[in-house]
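Here's the structure we're looking at; comments come further down.
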Amino acid sequence: MIDKTFPSAADAVADIPDGASLAVGGFGLSGNPIALIEALLARGTTDLSVVSNNCGVDDWGLGVLLQARRIRKMTSSYVGENKEFERQFLSGELELELTPQGTLAEKLRAGGSGIAAFFTQTGVGTQVADGGLPRRYTPDGSVAVASPPKDVRVFDVHGSPREFVLEEAIVTDFALVHARRGDTAGNLVFNKAARNFNPLAAMAGRICIAEVEELVEPGELDPDHIHLPGIFVHRIIEVGTEIEKRIEKRTVAASDGNGGR
């Protein structure tokens, strides 16, 4: 059995070149492959095209690459937690392909499954299908690049004709993901909501690099509990269970003094 372990995050990302495309797991700050992101930052890799649900926050997750001007284009479904993202996009420094969240998930899954494209009702009758969404602005605020119109077809669904828009799959050069446990063969187990986009991002990358909190030998993971088989993972590093995991917004209520809230 092939041992896919690498000694460090720096070694695992060492051959990611300038201009590469990346699929990156995470949702908000949950499940971010922060060790791999920081290793890429330290290496100085730039001109990246990144596909991820969002771009972290100003000082965490993909936001650290954005702050350092390492990202050329983002393909995301949500960008509202990052002020630097807003500044770069509106000033024409960053290209954005805004994509409905479920569509983005399916584009990644399709790419990993060898499906070239698919039809969905999501976005029909909007600029998602009709085109015209700003992808890049000029410094004066005018639109430099807009999204093109997409193919829309009518299909009969249960006797009712409905319009569907064609969405192309996403395949990237590399994928960066975070998992709770993994074995040296690349089989991964994610932790609850931190699973999010990680398996889909992993599938879409031609080379998938996974960071895991706990690394075990093949056979130690229950086959029924494996969320992503090792066939999709090419490199794996162990980052330890004490790796920092941030929360975007923590909301708590005062205790009533009797153990309740």
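The working numbering numbers the first residue of the sequence shown as 1 and each following residue consecutively. For every residue, glycine included, the Cβ atom is placed at its ideal position computed from N, Cα and C. Here the structure is a predicted model, which means the values were calculated and not measured.
Within the same chain, show all residues whose beta-carbon is closer than 6 Å to that of residue i, passing over the 5 residues directly before and after it, in chain order.
{"i": "D151", "result": "L166"}
{"i": "T47", "result": "Checking the displayed sequence, the identity of residue 47 turns out to be Asp instead of Thr. Taken in chain order, the residues that qualify are D18, G19 and R72."}
{"i": "I170", "result": "V51, K107, L108, G111 and A204"}
{"i": "V145", "result": "R135 and R136"}
{"i": "R246", "result": "L29 and W60"}
{"i": "G56", "result": "L62 and G63"}
{"i": "A194", "result": "S30 and G31"}
{"i": "D3", "result": "T184"}
What's the gap between the Cα of residue i and the Cα of residue j?
{"i": "E163", "j": "A42", "result": "47 Å"}
{"i": "E97", "j": "S255", "result": "44 Å"}
{"i": "R206", "j": "G125", "result": "33 Å"}
{"i": "K192", "j": "P223", "result": "17 Å"}
{"i": "L188", "j": "A14", "result": "22 Å"}
{"i": "H234", "j": "A185", "result": "8 Å"}
{"i": "A175", "j": "L215", "result": "19 Å"}
{"i": "I16", "j": "T45", "result": "7 Å"}
{"i": "G114", "j": "A253", "result": "47 Å"}
{"i": "V239", "j": "E211", "result": "6 Å"}
{"i": "R153", "j": "P161", "result": "10 Å"}
{"i": "A23", "j": "H158", "result": "36 Å"}
{"i": "L200", "j": "G141", "result": "34 Å"}
{"i": "I236", "j": "E95", "result": "30 Å"}
Is DSSP giving residue i helix, strand or coil here?
{"i": "A193", "result": "helix"}
{"i": "D222", "result": "coil"}
{"i": "P199", "result": "helix"}
{"i": "G63", "result": "helix"}
{"i": "G230", "result": "helix"}
{"i": "A204", "result": "helix"}
{"i": "L98", "result": "strand"}
{"i": "K73", "result": "strand"}
{"i": "T120", "result": "strand"}
{"i": "A264", "result": "This structure gives no information on residue 264, because the portion of the chain shown stretches from 1 to 261."}
{"i": "V157", "result": "strand"}
{"i": "R162", "result": "strand"}
{"i": "V57", "result": "strand"}
{"i": "I247", "result": "coil"}
{"i": "E242", "result": "coil"}
{"i": "V216", "result": "strand"}
Who are the near neighbours of residue i in its chain, counting only those whose CB is closer than 8 Å to its CB and skipping five residues on each side?
{"i": "E38", "result": "A9 and V64"}
{"i": "E84", "result": "D58, G63, L66 and Q67"}
{"i": "S91", "result": "Y137 and P139"}
{"i": "S21", "result": "L48, S49, V50, V51, T172, D173 and F174"}
What do you reckon, is the C-beta of residue i under 7 Å from a heavy atom of the ligand SAM?
{"i": "G182", "result": "Questions concerning the ligand SAM fall outside what the structure shown contains, since it holds no ligand whatsoever."}
What residue does the alpha helix (DSSP H) around residue i start on, and which one ends it?
{"i": "A106", "result": "The question names Ala, but residue 106 is Glu in the sequence shown. Its alpha helix (DSSP H) spans residues Q101 to S113."}
{"i": "F85", "result": "K83 to L90"}
{"i": "D130", "result": "Q127 to D130"}
If you follow the beta strand (DSSP E) that residue i is part of, which residue opens it and which one closes it?
{"i": "P148", "result": "Careful: P148 lies outside any beta strand (DSSP E) and carries neither H nor E."}
{"i": "L41", "result": "Premise fails: L41 lies in the alpha helix (DSSP H), I34 to R43, not in any beta strand (DSSP E)."}
{"i": "T46", "result": "T46 -> no beta strand (DSSP E), and no H or E assigned at all."}
{"i": "P134", "result": "P134 to Y137"}
{"i": "H178", "result": "T172 to D183"}
{"i": "E238", "result": "R235 to E238"}
Apart from the five residues just before and just after residue i, which ones in its own chain have a Cβ nearer than 7 Å to its Cβ?
{"i": "V143", "result": "P134 and Y137"}
{"i": "A179", "result": "L188, V189, F190, N198, A210 and V212"}
Pick out the complete beta strand (DSSP E) segments inside the segment 3-31, 3 residues or longer, and give them in chain order. The segment 3-31 contains these whole beta strand (DSSP E) runs: 21-24.
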